[in-house]
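Q: I am attaching a structure below and will ask some questions about it afterwards.
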Amino acid sequence: MGEMTEQELQELLAIARSVAWGAADILRSMAAATVNPHNTETDPVTAADTAADEYILTALQGRLGTEQFAYLTEESYKQQDSGDRLQCPWVWIIDPLDGTKDYIQGTGEYAVHIALVHHHRPVVAVVACPGVDTLYSAALGQGTQIEYRDGTTTPAQVSTVDRLEDLVIVTSRSHRNDRFNQLMQRFPCQNQRFLGSLGGKLAAIADRRADAYIALSGKSAPKDWDLAAPDLILSEAGGLLTHFDGTPLLYNQADVVQWGGLIASNGRCHTELCAEAIRILADIDAATST
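Just so we're aligned: the sequence shown equals residues 179 to 468 in this note's numbering.
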């Protein structure tokens with residue numbers, strides 16, 4: 179299977195949207211209060227993760243099969259033969275429950291991610307936010323749509339804020355270490371908003387509730403399934419997600435961890451954001467080494 183037409187991508191997006199809504203229903207029905215983590219506190223895995231994962235895989239594979247598409251999911255990748263997906267140009271990358279801690283804690287800030295990656299970049303993406311009955315969807319070159327439970331839709335478009343000091347940075351409450359805290363304390367934009375799900379964070383930039391996001395790799399470095407879907411949602415709304423050096427993220431590689439510094443923004447001062455992050459971290463590291 180070679181390149182796809184816009185119509186073919188839209189047909190796949192319609193399938194992904196339907197599946198994501200179904201997974202969202204599963205997560206909502208399995209209320210956080212009834213879910214018992216069965217892994218460590220730092221990496222909780224819930225019955226809801228497993229149920230949503232099985233539903234998504236069964237639904238996608240039932241509609242699309244496994245001959246033309248490979249599948250990479252957070253819950254099953256360690257049991258998969260990576261060679262199969264690495265040799266396939268079309269790979270569905272799935273996070274059935276992004277923001278597990280928030281799901282367990284009942285904040286409602288969790289999401290379902292479904293992305294189709296072609297030659298290491300996303301071409302179809304869905305981020306469903308069950309806690310607010312909202313779904314973000316995008317196909318390459320066709321923009322991002324925000325869809326609500328009643329079926330109404332509206333286009334998503336990033337903000338036009340273009341001064342560093344005016345940017346609203348969306349960040350995590352928990353995935354923070356001393357180096358990251360020092361970076362944020364010295365950053366020129368100090369207006370921070372806390373959100374749980376990584377998909378929710380980038381969706382907030384896509385629909386103008388925030389303007390930027392910064393991540394440093396560490397014990398909680400994001401994986402392919404954390405970012406593949408949100409990446410396209412943001413870029414099709416006019417934003418950018420890159421490494422600190424400005425290069426795009428690549429997905430479905432041997433290592434599923436997205437190492438290094440990452441910046442997402444509305445794109446208006448993305449280069450300046452990257453430069454500031456690099457400069458401040460260099461100062462922090464120099465001070466630490468002396």
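Glycine included, C-beta positions come from ideal geometry on N, C-alpha and C.
Can you tell me whether Thr322 is buried or exposed? The criterion is at least 16 other CB atoms within 10 Å of its CB, across all chains shown.
A: buried
Q: Glu219: buried (16+ other C-beta within 10 angstroms of its C-beta) or exposed?
A: In this prediction, Glu219 scores a pLDDT of 46, lower than 50, which makes its location untrustworthy; the coordinate-derived value is nonetheless stated afterwards. Glu219 comes out exposed.
Q: Please go through the same chain and pick out, in chain order, the residues whose beta-carbon is closer than 8 angstroms to the beta-carbon of Val434, but skip the five residues on each side of it.
A: Leu250, Tyr255, Lys401, Asp402 and Trp403
Q: Nearest-angstrom Cα distance between Ser207 and Ala289?
A: When rounded, the distance between both Cα atoms is 14 angstroms.
Q: By Cβ distance below 6 angstroms, which residues in the same chain neighbour Ala211 in space, the five residues on each side in sequence not counted?
A: Because the pLDDT at Ala211 is just 48, under 50, the model does not fix this residue reliably, and the value given afterwards should be weighed accordingly. Closer than 6 angstroms at Cβ, skipping near neighbours: no residue.
Q: Less than 7 angstroms between C-beta atoms, sequence neighbours within five positions excluded: which residues of the same chain meet that for Asp463?
A: none
Q: Is the region 329-349 touching the region 380-393, taking contact as three or more C-beta pairs under 8 angstroms?
A: yes
Q: If I measure Cβ to Cβ from Leu318 and keep anything under 6 angstroms in the same chain, skipping five residues before and after, which residues do I get?
A: So the qualifying residues of the chain are Val301.
Q: Which same chain residues end up closer than 6 angstroms to Gly377 when comparing Cβ atoms and leaving out the 5 residues on each side of it in sequence?
A: If you ignore the 5 residues before and after Gly377, its C-beta comes within less than 6 angstroms of the C-beta of Asp276, Ala289, His291, Val305 and Pro408, all in its own chain and listed in chain order.
Q: If you compare alpha carbons, which of Gly374, Asp262 and Leu373 is closest to Gln431?
A: Asp262
Q: Taking one C-beta from the region 443-459 and one from the region 416-432 each time, how about it: are there three or more such pairs within less than 8 angstroms?
A: yes
Q: Can you tell me whether Pro274 is buried or exposed, with buried defined as 16 or more other CB within 10 angstroms of its CB?
A: buried
Q: Tell me which residue opens and which closes the beta strand (DSSP E) that Glu310 is part of.
A: Per the sequence shown, the amino acid found at residue 310 is Val instead of Glu. No beta strand (DSSP E) holds Val310; DSSP gives it neither H nor E.
Q: Take every Cβ of the region 341-352, pair it with every Cβ of the region 365-384, and state whether three or more of those distances are shorter than 8 angstroms.
A: With a cut-off of 8 angstroms on Cβ pairs, the region 341-352 is in contact with the region 365-384, counting three or more such pairs.
Q: So Ala226 and Leu205 are in contact, right, with Cβ under 8 angstroms, and what is the actual spacing, rounded?
A: 5 angstroms
Q: Helix, strand or coil, according to DSSP, for Glu184 in the structure here?
A: helix
Q: When you compare each of Ile347, Ala393 and Ile411 to Cys307 by their alpha carbons, which one comes out closest?
A: Per the Cα distances, Ile411.
Q: Any idea what DSSP makes of Trp270, helix, strand or coil?
A: strand
Q: Under three-state DSSP, which class holds Glu219?
A: With a pLDDT of 46 at Glu219, under the threshold of 50, the predicted position of this residue should be treated as unreliable, though the coordinate-derived value follows. Glu219 falls in the coil class under three-state DSSP.
Q: For the beta strand (DSSP E) that Ser443 lies in, which residues bound it at each end?
A: Leu440 to Ser443
Q: If you draw a straight line from the alpha carbon of Tyr281 to that of Glu287, how long is it in whole angstroms?
A: 7 angstroms
Q: In this structure, does DSSP put Thr449 in helix, strand or coil?
A: Thr449: helix per DSSP, three-state reduction.
Q: Below 8 angstroms on the Cβ atoms is my contact criterion, and I expect Ala406 with Ala293 to pass it. Report the Cβ-Cβ distance as a whole number of Å.
A: 4 angstroms
Q: The beta strand (DSSP E) that contains Phe358, what's its start and end?
A: Segment Asp356 to Arg364 is the alpha helix (DSSP H) holding Phe358; no beta strand (DSSP E) there.
Q: Classify Ala478 as helix, strand or coil using the three-state DSSP reduction.
A: Residue 478 lies beyond the range of the chain shown here (179 to 468); nothing can be said about it.
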